[in-house]
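Residue numbers (the numbering used here), protein chains in the order written: chain X, 1 to 285; chain F, 1 to 285.
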């Protein structure tokens, strides 16, 4: 491995945290998976087991043997000090609540050794929003993964002005070493690359439907046939979910707030939340 | 065929006009292809021959026999009156110049029989921009095709408030009969469906590069891996061409005009026009 990072700690074993931890372990890194209590660790253990089974089914080269070995490389703990005592890299994937992240970084700053790099998987916070709590501006950046990490294997790497370029490069190498395609952001950008592309695209699709210009099926047909993509914007909205759509749009400009209100009235209030509820722009039965 | 449209006239045998005429003939419609002089018709004949060869290679079910039959169903003429004398549908695909279109529709209005439906393939003009010159508001609408019609087989159907719904439905059926997926616009919309999705998406990709946030390869990797699409925005820009990008962006809002200036300075003025010049966001050798 080209990276000097060896001991990895993932904080937070929710959907994405568990995927990150398992993927790193699958790629032969010793991984400590931290969560706040035993219930969370039981849930995490279940996630890891299901990921192992999923890899055997869906990932080229994965089998009972090497996924079992990945599980064996995972250490689960609720002891934060122990979890980070010898960590080269801590990947923070805790809930997206600013106060919680602040508090967590303040704790980490005290107990992690000086060598430890902190990387936040935050979707909505920039490194600048968190850096003052980390106690190590030069060794802090964001490292953002996509859901279904084994399939959508991008890792968006975003520093802030004081991130040490060597640390940045080290994390890029680490991302590569765990099978990711590193996406290098040269500056801070809300939404990174993926959401910077996805949000205007999805918004445009919603505007066509909300404005009464065209039906979801025609909007999606146009995109699929015109660009060869597997899915159009309304199909993607149904996967993302209408509640997430509402959250994004209700924080936007005036047009977006109108779309949020439209989404609430016509979908969310009627229980049409997308794929998760069985109906959104499409019906799923 | 469910459509009552039988005799089709295509006005203008440029790249797209020729594709529309050939596709309709391939789907067994007798097609009159009109252009302004013999040189244009010679060029058109060449286009039709190349399309026939292309279909044999690239279209399932196409062979020497049925593409030859398609060519035999095409009548080329420079006589506009003869071209439209018994037309059920005239598809107008002349250059995108408002004055030229106005003049053409005024001529057509006089010489075409009352039964003839007029459909404009205009990319940038709405039916409302042209309707007053047609002499038949109820029998006028836009029917917009995509380049490489045999592959990108959408036909966007867009009326104006006075288009007869029966005429609209008739044209939708015709689109289906020539192998298109009809995309029904319920109202006028600049950019139809495809460009309403494509322009904000392509703009977002260009912003990431122009703003120095990420490199074209990383922007495109993110989109391809994240969504499963075959191409990212920078790859599409290179196909669309930087000059077209400049034209779109220079008519936009303040941010878009800045992007146009950036595109001019960094690409167009350096001869990097995209795929057509061998270099754009990528080099093609």
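Note that CB positions come from ideal geometry on N, CA and C, so glycine has one too.
* **Cα-Cα separation between residue 72 (chain X) and residue 13 (chain X), rounded to whole angstroms** => Distance between the alpha carbons of residue 72 (chain X) and residue 13 (chain X): 16 Å.
* Residues of the region 166 to 199 of chain X whose Cβ lies closer than 7 Å to any Cβ of chain F, in chain order -> 181, 183, 184, 185, 186, 187, 189, 193, 194, 196, 197
* **Runs of alpha helix (DSSP H) wholly within the region 7 to 72 of chain X (minimum 4 residues, chain order)** => 15 to 26, 38 to 58, 64 to 72
* Is the region 183 to 200 of chain F touching the region 214 to 222 of chain X in the sense that three or more CB pairs, one from each, lie closer than 8 Å? -> yes
* Asked: Within the 7 Å Cβ cut-off, does residue 152 (chain X) reach chain F?
  -> yes
* Would you call residue 254 (chain X) buried or exposed, if buried means 16 or more other Cβ atoms sit within 10 Å of its Cβ? -> exposed
* Asked: For a contact meaning CB atoms closer than 7 Å, what does residue 91 (chain F) contact in chain X?
  -> Ordered by position in chain X, no residue passes the 7 Å Cβ test against residue 91 (chain F), which lies about 19 Å from the chain.
* Asked: Which term fits residue 239 (chain X), buried or exposed, when burial requires 16 or more other beta carbons within 10 angstroms of its beta carbon?
  -> exposed
* Asked: Given a limit of 9 Å on CB to CB distance, which residues of the region 220 to 233 of chain X reach chain F?
  -> Correct list: 221, 222, 223, 225, 226, 227, 228, 229, 230, 231, 232, 233.
* To do: Assuming residue 225 (chain F) contacts residue 154 (chain X) (C-beta within less than 8 Å), just tell me the rounded distance between them.
  => About 5 Å separates the two Cβ atoms, so the contact holds.
* Per DSSP, what kind of secondary structure is residue 182 (chain X) in: helix, strand or coil? -> strand
* **DSSP state of residue 255 (chain F) mapped onto helix, strand, coil** => helix
* Asked: Does residue 263 (chain F) get closer than 7 Å to chain X when you measure Cβ to Cβ?
  -> no
* Asked: The alpha helix (DSSP H) spanning residue 171 (chain X) covers which residue range?
  -> 165 to 177
* Determine the DSSP secondary structure at residue 199 (chain X), reduced to helix, strand or coil. => helix
* Whole-angstrom distance between residue 260 (chain X) and residue 81 (chain X), CA atom to CA atom -> Going by the C-alpha atoms only, they are around 43 Å apart.
* Helix, strand or coil: how does DSSP classify residue 248 (chain F) here? -> If DSSP states are grouped into helix, strand and coil, residue 248 (chain F) belongs with the helices.
* To do: Would you decide whether residue 178 (chain F) is buried or exposed? Buried here means 16 or more other CB atoms lie within 10 Å of its CB.
  => buried
* **Cβ neighbours of residue 118 (chain X) in the same chain (closer than 6 Å, five flanking residues each side left out)** => 90, 134, 140
* Do residue 204 (chain F) and residue 200 (chain X) have their C-beta atoms within less than 7 Å of each other? -> yes
* To do: Using 10 angstroms around the beta-carbon of residue 42 (chain F), count the other beta-carbons present and answer buried if the total reaches 16, otherwise exposed.
  => exposed
* Asked: If you drop the 5 nearest sequence neighbours on each side, which residues of the same chain put their C-beta closer than 7 Å to that of residue 110 (chain F)?
  -> none
* To do: Specify, as a first and last residue, the run of the beta strand (DSSP E) that residue 157 (chain X) falls within.
  => 154 to 158
* Asked: Buried or exposed: where does residue 106 (chain X) fall if 16 or more other Cβ atoms within 10 Å of its Cβ makes it buried?
  -> exposed
* Asked: In chain F, which residues lie less than 7 Å from residue 282 (chain X) when you measure between Cβ atoms?
  -> Under the 7 Å cutoff, chain F gives no residues; its nearest Cβ is about 17 Å from residue 282 (chain X).
* Neighbourhood of residue 25 (chain X) by C-beta, 6 Å cutoff - its chain only, sequence neighbours within 5 removed -> 31, 70, 73, 74
* Note the first and the last residue of the continuous beta strand (DSSP E) segment covering residue 77 (chain F). => 74 to 77
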